[in-house]
Amino acid sequence: MKVAWSATHQEFLLTDGYYFSGLYKHLCKRKIEIEEVDDFDRLFEYDVIVFNYPENPFSSEEKEKIREALEQKGKKIIFTAHFKNKDGVSEICNSITRDYGIDILPEGIKDEMHHLEDDLFIITTDEVKLYREGVKEVVFPYSAPLEVENGAEVVLRARKTSLTDSGKKSPVLIAQKRFESGGKLIVCGSCIFWDNFSLFRLDNLQFVVNIFEGAE
17 MKVAWSATHQ
27 EFLLTDGYYF
37 SGLYKHLCKR
47 KIEIEEVDDF
57 DRLFEYDVIV
67 FNYPENPFSS
77 EEKEKIREAL
87 EQKGKKIIFT
97 AHFKNKDGVS
107 EICNSITRDY
117 GIDILPEGIK
127 DEMHHLEDDL
137 FIITTDEVKL
147 YREGVKEVVF
157 PYSAPLEVEN
167 GAEVVLRARK
177 TSLTDSGKKS
187 PVLIAQKRFE
197 SGGKLIVCGS
207 CIFWDNFSLF
217 RLDNLQFVVN
227 IFEGAE
């Protein structure tokens, strides 16, 4: 499997070893080839494309290429955001994901009972609905909540003890849309559940590997 980590829209970069050295190392160990790609057209030569916190908007032409990759070419495309629409990233992602029934809300999520490091935003959850093989619990820091409709599936939820800024319990953290081509759109409310802080806590590493490999 070949994974393109986009460097085309001012994303958090895979080559920033302080944050993502663990992810790169452990995916390579599992024969998942992952490469940082700074040419938008080249992204679509890969099986999986990651837009990890894209800070620059997508053009109409780029959105059309993403649509074709999902609906016709069977690509898996992953978007990640952050809480409270930081840097406008949630809305940049929504410009694509909303058409497929997944909306990233401009809010944060706290859990007073299940969190790490005395930080209510570094929530943990065992509400793993997909990609759960070998996974019981994950940490999902500083996530935005998602709204899901139009046949999109829930991959991960926060616990019932969690609350969004608007007072909703157990929000969706990751959602997925499947396409007849075999393509998948995966949208994550957090962009740091696979960084060096989170990856080796609880079952995050196995969860991340499952997402890339498709082990639901």
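Its first residue numbered 17, the sequence shown is counted upward by one per residue in our numbering.
Glycine included, each C-beta is placed from N, C-alpha and C at the ideal position.
Proximity of residue i and residue j at Cβ, strictly below 9 Å
i      : j      : result
THR113 : VAL188 : no
ALA160 : LYS100 : yes
GLU172 : LEU132 : The displayed chain sequence assigns Leu, not Glu, to residue 172. It is not a contact, given that the beta carbons lie outside the stated cut-off.
LYS18  : ILE93  : no
VAL155 : PHE209 : yes
PHE223 : VAL151 : yes
ILE139 : ILE125 : yes
Simplified DSSP state of residue i, which is helix, strand or coil
i      : result
ASN188 : What sits at residue 188 in the sequence shown is Val, not Asn. Looking at VAL188 - three-state DSSP - the assignment turns out to be strand.
SER111 : helix
SER22  : strand
GLU78  : helix
ASN166 : coil
GLU232 : coil
SER178 : strand
Identified DSSP bridge partners for residue i
i      : result
LEU86  : Partner(s): none; LEU86 has no beta bridge.
CYS204 : THR96, ILE190
LYS102 : In the DSSP output, where bridge partners are listed per residue, LYS102 has none listed.
Buried versus exposed, by CB contacts within 10 Å (16 or more), residue i
i      : result
THR96  : buried
ARG58  : exposed
ASP115 : exposed
TYR35  : buried
CYS207 : buried
Which whole runs of the beta strand (DSSP E) in the region 22-60 are 3 residues long or more, in chain order?
Taken in chain order, the complete beta strand (DSSP E) segments of 3 or more residues contained in the region 22-60 are 49-53.
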